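Visitor: Here it is, the structure, as structure tokens.
There are 2 protein chains.
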Amino acid sequence: MAAKRTQYHHGDLRAGLVEATRQLVEEKGADRFSVSDACRAAGVSTAAPYRHFEDRDEMLVAVCFEGMERFQDLMLKALKGHAHGSLEAIIALGHSYIQFATSEPGVFRLSFGIGREHGDNIELAEQGMRIYGIVLEQVAAYFGKNDVDDDVLDRAFPLWTMVHGLSFLLIDEKMAMLNLDHNIDAMIRDNTRRLLAD
Amino acid sequence: MAAKRTQYHHGDLRAGLVEATRQLVEEKGADRFSVSDACRAAGVSTAAPYRHFEDRDEMLVAVCFEGMERFQDLMLKALKGHAHGSLEAIIALGHSYIQFATSEPGVFRLSFGIGREHGDNIELAEQGMRIYGIVLEQVAAYFGKNDVDDDVLDRAFPLWTMVHGLSFLLIDEKMAMLNLDHNIDAMIRDNTRRLLAD
DNA sequence: CGTTGAATGTTAGATGCGCTAACATATGTT
DNA sequence: AACATATGTTAGCGCATCTAACATTCAACG
């Protein structure tokens, strides 16, 4: 991991630190992550990161931002092969949401928890809206609409809360703790249908 | 806050520390909480807590456990005045879930995030099941059943994921970040109905 | 090319936290 | 009254974040 470099300069330390941070966030969680660990992994001194980031928090924001881009890619890929605005497309989006949360729980948790102290960060908000916008677009089409009106917002939001809640219950291992056994795929399918019905 | 005491012994330092910890968790979040801060608030030296808790983490577990008891009380109170197994009873439980999450976001987040490293903690799991059991009982009655079978589990779980997700989206201020405006009460009501329909 | 300023790295150290060991004081049992 | 136990304090270790002062490399311009 700690690839000892022969050059004085790293080459792309910023990227190296972001990747090291991302891995550590997955391993130990954002709260247990330490700048020192990331430095050891990247093979630089503990003062080096401060040439690229304001502080520890900014390193986490960088990981978060990068993660949200992967999240967006995943959701866009999920749409392929499904008719625009079809129930299948919307269900596929739900699956990809769970998929991201469970494959990168550390980054997922970080991405949603970070807004609190960074409510001012416009870039994070914009990236969030780009992702949610993918859902809104499909839901609008599902109801045969060309744009996202208040009705669409009201019908899409419960879908978000459901997959969001399911994601947290899964990664926080609540189902395991309470000995609950649910077929996740069936649960997303059935309840997406129910939430869109009426 | 830092009530200077005149006696050498505190009286009930454990309770004092739990309360100080709870307040700090609400103020700064569990990750930013420090044992030293709690000691300052309780007016004792930084070594004192270790007579009552194994480590920092155990202080948080204590706050979590205490919080879950309040959570349980809140949900039981929510049932009063509603017919056993009625839709209104179930909706009231949903409201009390959101109520707890938004009034004590720090403790709420802590309670659900803590399982990860304390999956072994049986007391926490049992308390969690007591709370979820309140919901299961009402949902069983809603479907005219006397006990909680697999069907009941499958119909209750989506309700949990919805209010759980909504709670996190609210306390993480995602709706504010994305300029989403939703009537929470209406949303819980309408979608509880949809999830129970069929 | 060679010089020089900017970018990017290092070392040393200030400050603070978690936790432990050794010691001090109160409490309660006989 | 004497002693064991419970509960507090002080001092200090190891590690973390972050800064200041210094070192090395890069790159832009004569």
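Protein sequence lines, in the order shown, are assigned to chains B and A.
Under the working numbering, think of the first position of the first sequence as 1, with each following residue one higher.
Under the working numbering, think of the first position of the second sequence as 199, with each following residue one higher.
All residues carry an ideal CB built from backbone N, CA and C; glycine is no exception.
Bear in mind that the values here come from a model prediction, so they are computed numbers and not experimental data.
1) Would B:Ile-122 be called buried (16 or more neighbouring beta carbons within 10 Å of its own) or exposed?
2) Give me the subset of the segment 291-316 of chain A whose CB atoms are less than 7 angstroms from a CB atom of chain B, sorted by chain position.
3) Closer than 8 angstroms is the cut-off here; do at least three beta carbon pairs connect the segment 47-57 of chain B with the segment 79-97 of chain B?
4) Taking only beta-carbon atoms, is B:Tyr-50 less than 9 angstroms away from chain A?
5) When the Cα atoms are used, what is the spatial distance from B:Ala-2 to B:Ser-45?
6) Any beta-carbon of chain B closer than 9 angstroms to the one on A:His-398?
7) From the beta carbon of B:Thr-21, is the nearest beta carbon of chain A less than 9 angstroms away?
8) With three or more C-beta pairs closer than 8 angstroms as the rule, is the segment 126-133 of chain B touching the segment 64-80 of chain B?
9) At a threshold of 8 angstroms, does A:Phe-306 count as lining the ligand ATP (C-beta to nearest heavy atom)?
10) Measure the alpha-carbon distance for B:Ser-34 versus B:Ile-134 and round it to whole angstroms.
11) Could you give the residue range of the alpha helix (DSSP H) that holds A:Ile-289?
12) Cα separation between B:Asp-154 and B:Ile-184?
13) Taking A:Tyr-340 as the query, report the chain B residues whose CB atoms sit under 9 angstroms from its CB, ordered along the chain.
14) Is there a C-beta anywhere in chain B that falls below 9 angstroms from the one on A:Glu-371?
15) If you reduce the DSSP assignment to three classes, tell me which class B:His-185 lands in.
16) Got a sec: which bits of the segment 323-349 of chain A sit with their beta carbon under 7 angstroms from any beta carbon on chain B, in order along the chain?
17) From the DSSP output, in three-state form, read off B:Asn-179 for me.
18) How would you label A:Glu-335, buried or exposed, when you count the other beta carbons within 10 angstroms and need 16 or more for buried?
19) Given this structure, state the Cα-to-Cα distance separating A:Thr-390 from A:Val-261, to the nearest angstrom.
20) Would B:Met-201 pass as an interface residue toward chain A - the criterion being a Cβ-Cβ separation below 9 angstroms?
21) When DSSP labels each residue in this structure, what does B:Glu-19 get in the three-state scheme?
22) Report the residues of the segment 218-245 of chain A with a CB closer than 8 angstroms to any CB of chain B, ordered along the chain.
23) Between the Cα of B:Arg-109 and the Cα atoms of A:Gly-363, A:His-380, A:Leu-211, which residue gives the shortest distance?
24) Answer yes or no: does any C-beta atom of chain B fall closer than 9 angstroms to that of A:Asp-396?
25) Since B:Met-162 and A:Thr-359 are thought to touch, with beta carbons under 8 angstroms apart, how far apart are those beta carbons, to the nearest angstrom?
26) If you drop the 5 nearest sequence neighbours on each side, which residues of the same chain put their C-beta closer than 7 angstroms to that of A:His-316?
27) Within the same chain, show all residues whose beta-carbon is closer than 6 angstroms to that of A:Met-185, passing over the 5 residues directly before and after it, in chain order.
28) Taking 8 angstroms as the limit between beta carbons, can you name the residues of its chain near B:Leu-87, skipping five residues before and five after?
29) Listed from N- to C-terminal order along the chain, which residues in the segment 163-187 of chain B have their beta-carbon within a distance smaller than 9 angstroms of any beta-carbon of chain A?
30) Rounded to the nearest angstrom, what separates B:Asp-190 and A:Phe-355 at their Cα positions?
31) Identify the contact partners of B:Leu-195 in chain A, using a Cβ-Cβ distance below 8 angstroms as the criterion.
32) For the alpha helix (DSSP H) containing A:Phe-366, name the first residue and the last one.
33) Using three-state DSSP, classify A:Ala-200 as helix, strand or coil.
Guide: Let me lay it out:
1) Locating residue 122 of chain B in the first sequence gives position 122, where the first residue counts as 1. So B:Ile-122 counts as exposed.
2) Listed by position along the chain: Phe-310, Gly-311, Gly-313, Arg-314.
3) These segments do not touch.
4) In the first sequence, residue 50 of chain B corresponds to position 50, counting from 1. No, its Cβ sits nowhere closer than 9 angstroms to a Cβ of chain A.
5) For this step, residue 2 of chain B is matched to residue 2 along the first sequence. For this step, residue 45 of chain B is matched to residue 45 along the first sequence. Confidence at B:Ala-2 is low in this model, with a pLDDT of 42, below 50, so the placement of that residue should be treated as unreliable; the coordinate-derived value is given next. Spanning the alpha carbons of B:Ala-2 and B:Ser-45 requires a straight line of approximately 12 angstroms.
6) Not covered by the structure: residue 398 of chain A. The range shown for chain A is 199 to 396.
7) Taking the first sequence and counting its residues from 1, one reaches residue 21 of chain B at position 21. Chain A, which has no Cβ nearer than 9 angstroms to the Cβ of B:Thr-21, makes this no.
8) Three or more Cβ pairs drawn from the segment 64-80 of chain B and the segment 126-133 of chain B lie within less than 8 angstroms of each other, which places the two stretches in contact.
9) Among the ligands in the structure shown, none appear at all, so the ligand ATP cannot be discussed.
10) Taking the first sequence and counting its residues from 1, the one referred to as residue 34 of chain B is at position 34. Taking the first sequence and counting its residues from 1, the one referred to as residue 134 of chain B is at position 134. CA-to-CA, the gap between B:Ser-34 and B:Ile-134 works out to about 34 angstroms.
11) Against the second sequence, residue 289 of chain A aligns to sequence position 91. Where A:Ile-289 is concerned, the enclosing alpha helix (DSSP H) stretches over 285-301.
12) The residue labelled residue 154 of chain B in the question sits at position 154 within the first sequence. The residue labelled residue 184 of chain B in the question sits at position 184 within the first sequence. Rounded to the nearest angstrom, the gap between the Cα atoms of B:Asp-154 and B:Ile-184 is 24 angstroms.
13) Translated into positions along the second sequence, residue 340 of chain A becomes position 142. Near A:Tyr-340 there are no residues of chain B at all, since even the closest Cβ is about 15 angstroms away, more than 9 angstroms.
14) Taking the first residue of the second sequence as position 1, residue 371 of chain A is located at position 173. Put simply, the CB of A:Glu-371 is near chain B, with a gap under 9 angstroms to one of its CB atoms.
15) Counted from its first residue, the first sequence places residue 185 of chain B at position 185. A small correction: the amino acid at residue 185 of chain B is Asp; His does not occupy that position in the sequence shown. Here B:Asp-185 sits in helix by DSSP.
16) Against chain B - using a Cβ distance shorter than 7 angstroms - the residues of the segment 323-349 of chain A are Ala-323, Gly-326, Met-327, Tyr-330.
17) Your numbering for residue 179 of chain B matches position 179 in the first sequence. B:Asn-179: coil per DSSP, three-state reduction.
18) In the second sequence, counting from the first residue as 1, residue 335 of chain A sits at position 137. When all chains shown are included, A:Glu-335 counts as buried.
19) By one-based count along the second sequence, residue 390 of chain A stands at place 192. By one-based count along the second sequence, residue 261 of chain A stands at place 63. About 31 angstroms.
20) Here chain B covers residues 1 to 198 and nothing more, so residue 201 of chain B does not appear.
21) Here the question's residue 19 of chain B lines up with position 19 in the first sequence. In the structure shown, B:Glu-19 sits in a helix (DSSP, three-state: H, G or I).
22) If the cut-off is 8 angstroms between Cβ atoms, the segment 218-245 of chain A has Gly-227, Ala-228, Asp-229 near chain B.
23) Within the first sequence, the letter at position 109 stands for residue 109 of chain B. With distances taken between Cα atoms, B:Arg-109 lies closest to A:Gly-363.
24) Working through the second sequence from its first residue, we reach residue 396 of chain A at position 198. Yes, its Cβ sits closer than 9 angstroms to a Cβ of chain B.
25) On the first sequence, position 162 is the one that residue 162 of chain B refers to. On the second sequence, position 161 is the one that residue 359 of chain A refers to. Between A:Thr-359 and B:Met-162 the Cβ distance is about 5 angstroms, and since that is below 8 angstroms, they are a contact.
26) The residue given as residue 316 of chain A occupies position 118 in the second sequence. Apart from the 5 residues on each side of it in sequence, A:His-316 sits with its Cβ closer than 7 angstroms to the Cβ of Val-259, Leu-322 in its chain, given in chain order.
27) In the structure as shown, chain A starts at 199 and stops at 396, and residue 185 of chain A therefore has no counterpart that could be examined.
28) Here residue 87 of chain B refers to the residue found at position 87 of the first sequence. The answer, listed in chain order, is Tyr-142, Thr-192, Arg-193, Leu-196.
29) Listed in sequence order: Val-163, His-164, Gly-165, Leu-166, Ser-167, Phe-168, Leu-169, Ile-171, Asp-172, Glu-173, Lys-174, Met-175, Ala-176, Met-177, Leu-178, Asn-179, Leu-180, Asp-181, His-182, Asn-183, Ala-186, Met-187.
30) Against the first sequence, residue 190 of chain B aligns to sequence position 190. Against the second sequence, residue 355 of chain A aligns to sequence position 157. Cα-Cα distance, rounded: 12 angstroms.
31) Counting from 1 along the first sequence, the entry for residue 195 of chain B is found at position 195. Result: Asn-389, Arg-392, Leu-393.
32) By 1-based counting over the second sequence, the position of residue 366 of chain A is 168. Per DSSP, A:Phe-366 belongs to the alpha helix (DSSP H) from 348-369.
33) Against the second sequence, residue 200 of chain A aligns to sequence position 2. Any reading at A:Ala-200 needs caution, since the residue's pLDDT is 43, under 50, leaving its predicted position unreliable; the model's value is listed next. Three-state DSSP puts A:Ala-200 in coil, outside helix and strand.
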